[in-house]
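Chains as they are written, first to last, in our numbering: chain A, 38 to 178; chain B, 38 to 178.
Note that CB positions come from ideal geometry on N, CA and C, so glycine has one too.
Please read the structure below before turning to the comments.
Below, the structure is given as structure tokens:
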């Protein structure tokens with residue numbers, strides 16, 4: 038059956054995500070996919086919750102709730118925004134940085150398996166096409 | 038920045054999903070992404086809730102809850118399983134089929150835009166690579 042392109046994207050994405058979360062959970066870093074989608078978009082210098090909400094495609098309330106959970110688990114911390122004393126920025130905390138470091142070798146493992154399955158040329162072309170699609174699908178590209 | 042392949046898949050997927058749900062909502066078919074992930078996997082002859090749970094990557098409880106919502110909104114119906122009188126199958130109902138029909142022209146529109154952006158060759162190669170990835174990422178391929 039000819040699946041639509043949305044579903045063709047979703048199937049490998051879900052597999053990727055499940056592998057990463059399983060590896061994180063095994064290593065003691067419990068984090069949900071919803072939390073991770075917000076966490077992944079935190080800018081190096083920190084981000085406002087409203088920006089994280091927009092980038093993760095969730096409501097401001099949901100983002101606030103997820104950031105609170107992440108803060109309680111030690112993955113992020115909230116600090117005053119140097120640009121506006123009344124606003125706060127969400128930053129990656131030490132435990133969050135540890136989880137990211139742990140993730141990177143699982144990600145490398147999955148990418149190596151996919152590369153072995155598709156071959157270098159198809160893997161590179163697929164990544165290049167997906168990167169080009171960001172121009173029309175990612176407002177933060 | 039070089040994004041990992043998981044995020045490269047997620048970004049266009051999210052844009053695709055948001056377009057489809059916005060179009061459905063405008064046409065009066067309110068359905069959440071979580072409901073749709075279960076709904077999309079219903080087999081032509083109907084599916085058991087446990088199979089839908091596995092295929093959508095959610096718990097049995099969550100799938101049951103989503104199927105109940107879908108049933109209340111008229112998108113699915115539950116019928117006795119002809120193969121096992123005590124079991125029940127989830128089937129697409131008339132309103133569900135209408136929503137699918139409405140979806141297909143939005144999907145075609147998005148695919149045409151992506152094809153125009155990437156060109157025929159890259160779009161076809163990307164779809165072919167994603168289809169090949171199902172062999173190692175989709176247990177129901």
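- Annotation for residue 152 (chain A): the continuous alpha helix (DSSP H) segment containing it runs 131-155.
- Residues of chain B with a Cβ closer than 8 angstroms to the Cβ of residue 57 (chain A) are, in chain order, 43.
- By the C-beta density criterion, residue 72 (chain B) is buried, having at least 16 other C-beta atoms within 10 angstroms.
- Comparing alpha-carbon positions, the option among B:128, B:155, B:165 lying closest to residue 83 (chain B) turns out to be B:128.
- The way I'd put it, the segment 39-50 of chain B doesn't touch the segment 115-135 of chain B; fewer than three beta-carbon pairs between them come closer than 8 angstroms.
- Within the model, the alpha-carbon separation for residue 102 (chain A) versus residue 79 (chain A) is close to 15 angstroms.
- Of the candidates B:154, B:153, B:168, B:130, B:168 places its Cα closest to the Cα of residue 160 (chain A).
- Annotation: residue 39 (chain A) is outside any beta strand (DSSP E) and is labelled neither H nor E by DSSP.
- Interface criterion not met: the Cβ of residue 142 (chain B) is under 8 angstroms from no Cβ in chain A.
- Residue 120 (chain B) and residue 86 (chain B) have their alpha carbons spaced roughly 15 angstroms apart.
- Between residue 57 (chain A) and residue 143 (chain A), the beta carbon gap of about 5 angstroms places them in contact (Cβ cut-off 8 angstroms).
- Excluding residues up to 5 positions away in sequence, 163 lie with their Cβ nearer than 8 angstroms to the Cβ of residue 155 (chain B) in the same chain.
- For residue 52 (chain A) against residue 174 (chain B), the beta-carbon gap comes to about 4 angstroms, under 8 angstroms, which counts as contact.
- In terms of Cβ geometry, residue 139 (chain A) and residue 64 (chain A) form a close pair [threshold 8 angstroms].
- With contacts defined by Cβ atoms closer than 8 angstroms, residue 133 (chain B) and residue 76 (chain B) form a contacting pair.
- Within chain B, no C-beta atom comes less than 9 angstroms from the C-beta of residue 82 (chain A); the nearest is roughly 15 angstroms away.
- Taking 8 angstroms as the cut-off, the Cβ atoms of residue 91 (chain B) and residue 70 (chain B) do not count as close.
- For residue 101 (chain B), no CB of chain A lies under 8 angstroms from its own CB, so it is not counted at the interface with that chain.
- It is roughly 18 angstroms from the alpha-carbon of residue 135 (chain B) to the alpha-carbon of residue 41 (chain A).
- Looking at the DSSP output, residue 92 (chain B) bridges to nothing.
- Assigned with DSSP and collapsed to three states, residue 122 (chain B) falls in strand.
- Pairing residue 93 (chain B) with residue 74 (chain B) gives a Cβ-Cβ distance under 8 angstroms.
- Between the C-alpha atoms of residue 172 (chain B) and residue 49 (chain A) there is a straight-line separation of about 10 angstroms.
- For residue 78 (chain B), there is no enclosing alpha helix (DSSP H), as DSSP gives it neither H nor E.
- When DSSP states are grouped into helix, strand and coil, residue 176 (chain A) belongs to the coil group.
- Residues of chain A whose Cβ lies closer than 8 angstroms to the Cβ of residue 164 (chain B) are, in chain order, 42, 45.
- In the structure shown, residue 110 (chain A) falls within a coil segment according to DSSP collapsed to helix, strand and coil.
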